[in-house]
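S.K.: First the structure, then my questions, so here it is.
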Amino acid sequence: MKLIHLTDTHLTTPGRMLYGINPLARLNAAIDHIRAQHADAELCVITGDLTHWGEAAAYASLREALRALPMPVLPLIGNHDNRDRFCAAFPDVPCDEAGFVQWIRDSSVGRFIFLDTVISDVSQGRKSAGYFDSGRLKWLRKQLDVSKTDAVQVFLFMHHPPFGVGISAFDEINIVSDDALTFGALLLEYTHIRHLFFGHIHRPISGSWHGIPFSTLPATAHQSGLDFLSDTDQFTHEAPGYGVVLITPGQVTVHICDFLYSGPHFHPASEFL
Ligand SMILES: [Fe+2]
């Protein structure tokens, strides 16, 4: 199975620049590249921060842009999104009984579980941080139990990582510590979770957590600087990317595509030196 992973598109109202970048132009360039190279992908997942300020016009432009992709597109929300406006723009995306944008979808390689890590009441916490309260945890436990009973392997998709990645500015705004602890404890009860995909960091990172492999990737919009010394956000114009994930029964392979690269492609035996 081939899966396309996009993240942090941060769309604005069409034409409005963000940190010196046109987010819609970036997304359209990624879509053109995917259409040319990966039209055979089974699914495309976008792990949140679909828009930067959550305007209805930004969601409308996202919806219009995504129509060009030939495969089903499954969008999650992130801390920059507005849940109500997202749901209005994407009424076909399911929500759980509590209204969180959480659902499952079976694929040719297993069950994809999409999680909503966005704060439910911004007056009760920090908007940029991630939350996964007891209600959402209960929903996830049910999905994990059912998938275990069904003997299907599970792939998790979420915006915020439930752990730090060693970049202090981002480690302040992952899933808050109490929720991350209970989330981790729940996952430890299961052995059929094959991979955790997330966004939020705007950098290519991979590793494992509690024995579960994870990966995230550059945004299609602005990137985060790799600065282990500063405790403040630093954005950059490093290359954007999207993920090409190849999944077989025994392997998950994550490629990151620099879709704006326009330099040479040449044979090693060529005289291009
Ligand atoms: Fe983001």
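Letter 9 of the sequence shown, counting from 1, is numbered 4 in the working numbering, and no numbers are missing. Quick reminder that beta carbons are idealized off the backbone N, C-alpha and C, glycines included. Values in this document were obtained by computation on a predicted structure and should not be read as measured data.
Assuming K143 and Y185 form a contact by the criterion Cβ under 8 Å, report the distance between their Cβ atoms to the nearest whole angstrom.
M.R.: About 6 Å separates the two Cβ atoms, so the contact holds.
S.K.: Based on Cα-Cα distance, which residue from T177, S102, P157 lies nearest to K133?
M.R.: Out of T177, S102, P157, T177 has the C-alpha closest to the C-alpha of K133.
S.K.: Just to confirm, does G105 get its C-beta within under 8 Å of one of the non-hydrogen atoms of ligand 1?
M.R.: No - ligand 1 has no heavy atom lying nearer than 8 Å to the Cβ of G105.
S.K.: Shortest alpha-carbon distance to S103 belongs to which of V247, M(-4), P263, E233?
M.R.: Nearest option by C-alpha distance: M(-4).
S.K.: Keeping to the same chain, check which residues put their C-beta closer than 6 Å to that of R106; ignore five residues upstream and five downstream.
M.R.: The residues are I99, S142, V147, V149.
S.K.: Taking 8 Å as the threshold, find out whether the stretch 159 to 166 comes into contact with the stretch 77 to 91 through three or more Cβ pairs.
M.R.: At 8 Å Cβ cutoff, the stretches do not touch.
S.K.: Helix, strand or coil, according to DSSP, for V40 in the structure here?
M.R.: It is a strand residue.
S.K.: Check this for me: beta carbons of N169 and G206, under 9 Å apart or not?
M.R.: It is not a contact, given that the beta carbons lie outside the stated cut-off.
S.K.: Pop quiz: F109 and D174 are said to be a contact at Cβ under 8 Å. What is the actual Cβ separation, rounded to whole angstroms?
M.R.: Not quite, the Cβ-Cβ distance comes to about 17 Å (not below 8 Å), so this is no contact.
S.K.: May I ask you to report which of helix, strand or coil DSSP gives W48?
M.R.: W48: coil per DSSP, three-state reduction.
S.K.: Can you tell me which residues form a DSSP beta bridge with I108?
M.R.: In DSSP, I108 forms a bridge with I99, L151.
S.K.: Looking at the structure shown, is Y54 part of a helix, part of a strand, or coil, going by DSSP?
M.R.: In this structure, Y54 counts as helix in the three-state DSSP scheme.
S.K.: Excluding the five sequence neighbours on either side, which residues of its own chain have a C-beta within less than 6 Å of the C-beta of P275, listed in chain order?
M.R.: For the chain, the structure presents residues -4 to 268; residue 275 sits outside this window and is missing.
S.K.: DSSP three-state call for H28: helix, strand or coil?
M.R.: In the structure shown, H28 sits in a helix (DSSP, three-state: H, G or I).
S.K.: Let me check you understand the geometry: is the CB of H0 closer than 8 Å to at least one non-hydrogen atom of ligand 1?
M.R.: Not so, every heavy atom of ligand 1 lies at least 8 Å from the Cβ.
S.K.: How far does the beta strand (DSSP E) with S269 in it extend, from its first residue to its last?
M.R.: The requested residue 269 does not occur in the structure, where the chain is confined to residues -4 to 268.
S.K.: Rounded to the nearest angstrom, what separates V40 and L61 at their Cα positions?
M.R.: Straight-line Cα distance between these residues: approximately 11 Å.
S.K.: Which stretch, first to last residue, makes up the beta strand (DSSP E) that contains T248?
M.R.: Counting along the chain, the beta strand (DSSP E) containing T248 begins and ends at 246 to 252.
S.K.: Can you give me the C-alpha to C-alpha distance between H260 and F230, rounded to a whole angstrom?
M.R.: Approximately 29 Å, taken between the alpha carbons.
S.K.: Compare the beta carbon distance of V117 and H154 with 9 Å and say whether it is the shorter of the two.
M.R.: No; because the gap between Cβ atoms is not below 9 Å, this pair is not in contact.
S.K.: May I ask which residues mark the beginning and end of the beta strand (DSSP E) holding R189?
M.R.: That run of the beta strand (DSSP E) goes 188 to 193.
S.K.: Using a 10 Å radius around the Cβ and a threshold of 16 neighbouring Cβ atoms, would you call P86 buried or exposed?
M.R.: It is exposed - the Cβ of P86 has fewer than 16 other Cβ atoms within 10 Å.
S.K.: Straight-line CA distance for T7 to S203?
M.R.: Computed Cα separation, rounded: 33 Å.
S.K.: Can you name the residues that DSSP bridges to W289?
M.R.: Shown here, the chain extends from -4 to 268; a query on residue 289 therefore has no answer.
S.K.: So H232 and V239 are in contact, right, with Cβ under 8 Å, and what is the actual spacing, rounded?
M.R.: Not quite, the Cβ-Cβ distance comes to about 23 Å (not below 8 Å), so this is no contact.
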